[in-house]
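Student: Just so we're aligned, residue 0 is where the sequence shown starts under numbering that gives the first Met the number 0, counting upward by one.
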Amino acid sequence: MNKRIKSLVLSATLVASMAILGGCGSNNIGYVDTMKVANSTEKGIEITKEINAKKAELNKKIEAADDASKQNVYNQASQELTAFTNAKAQEYRQYQEQKINELVKEKKLDVIIEKGAVVGGGADVTEDLITKMGKASEAQIKEAEEAAKAEEQQEAQQNAQQAGQAAAATTESAQ
0 MNKRIKSLVL SATLVASMAI LGGCGSNNIG YVDTMKVANS TEKGIEITKE INAKKAELNK
60 KIEAADDASK QNVYNQASQE LTAFTNAKAQ EYRQYQEQKI NELVKEKKLD VIIEKGAVVG
120 GGADVTEDLI TKMGKASEAQ IKEAEEAAKA EEQQEAQQNA QQAGQAAAAT TESAQ
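In structure tokens:
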């Protein structure tokens with residue numbers, strides 16, 4: 000029920016905003032696919048690599064910790080990763096916003112919004128933003144995709160190991 004209410008409010012907001020924008024004369028609206036931008040630009044790939052490297056470094060610290068301190072090391076690593084990820088996300092957002100503002104001026108747009116918020120109309124300026132931010136080479140994109148798949152597989156293995164350890168601990172305590 001709560002999801003339904005949120006969906007209705009979001010839909011009403013989008014319809015109202017489109018009506019307002021539609022009544023404001025000739026607005027020039029652009030939109031971008033931010034996921035595509037992040038996955039296709041040198042900056043997006045660079046920051047993802049940095050975050051993954053930090054995550055790998057912290058995972059090694061956790062694995063090296065003895066059982067008595069493992070939870071404490073995990074908590075510290077989690078906080079450190081969150082802070083690092085937030086800082087890198089902020090760095091990326093600032094860079095992207097700068098390039099978006101430049102694109103707004105160059106294309107004489109009134110606004111650029113996220114593709115998901117577009118119900119209809121507008122100009123897709125995703126490729127323009129990718130070019131402005133520095134398009135990654137096909138090799139860089141492929142390498143990043145492979146790294147993401149490897150990361151997903153590693154996380155799945157870790158989750159399976161943790162589930163197995165939890166099940167073993169439960170079985171031992173039940174006996």
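By construction, the Cβ of each residue, glycine as well, lies at the ideal position given by its N, Cα and C atoms. In this text, all values refer to a predicted model and were calculated from it rather than measured experimentally.
Taking T130 as the reference, give the member of E49, G119, E101, K141 with the closest Cα.
Tutor: Indexing the sequence shown from 1 puts residue 130 at position 131. Comparing Cα positions, the closest option is E101.
Student: In this structure, does DSSP put V8 in helix, strand or coil?
Tutor: To locate residue 8, count along the sequence shown from 1; it is residue 9. Residue confidence for V8 is low, a pLDDT of 48 falling below 50, so the modelled location carries little weight; the figure read from the coordinates is stated next. In this structure, V8 counts as helix in the three-state DSSP scheme.
Student: Quick one: what does DSSP say V72 is sitting in, helix, strand or coil?
Tutor: By 1-based counting over the sequence shown, the position of residue 72 is 73. Looking at V72 - three-state DSSP - the assignment turns out to be helix.
Student: Look up D36 in the DSSP assignment and say whether it is helix, strand or coil.
Tutor: Translated into positions along the sequence shown, residue 36 becomes position 37. Checking the sequence, you will find Val at residue 36 rather than Asp. V36 falls in the helix class under three-state DSSP.
Student: Could you give the first and the last residue of the continuous beta strand (DSSP E) run that contains G121?
Tutor: By 1-based counting over the sequence shown, the position of residue 121 is 122. From DSSP, G121 is part of no beta strand (DSSP E); its letter is neither H nor E.
Student: Can you give me the start and stop residues for the alpha helix (DSSP H) that G115 sits inside?
Tutor: Within the sequence shown, the letter at position 116 stands for residue 115. No alpha helix (DSSP H) holds G115; DSSP gives it neither H nor E.
Student: Indicate the three-state DSSP secondary structure (helix, strand or coil) for T169 in the structure shown.
Tutor: Within the sequence shown, numbered from 1, the residue matching residue 169 stands at position 170. In this structure, T169 counts as helix in the three-state DSSP scheme.
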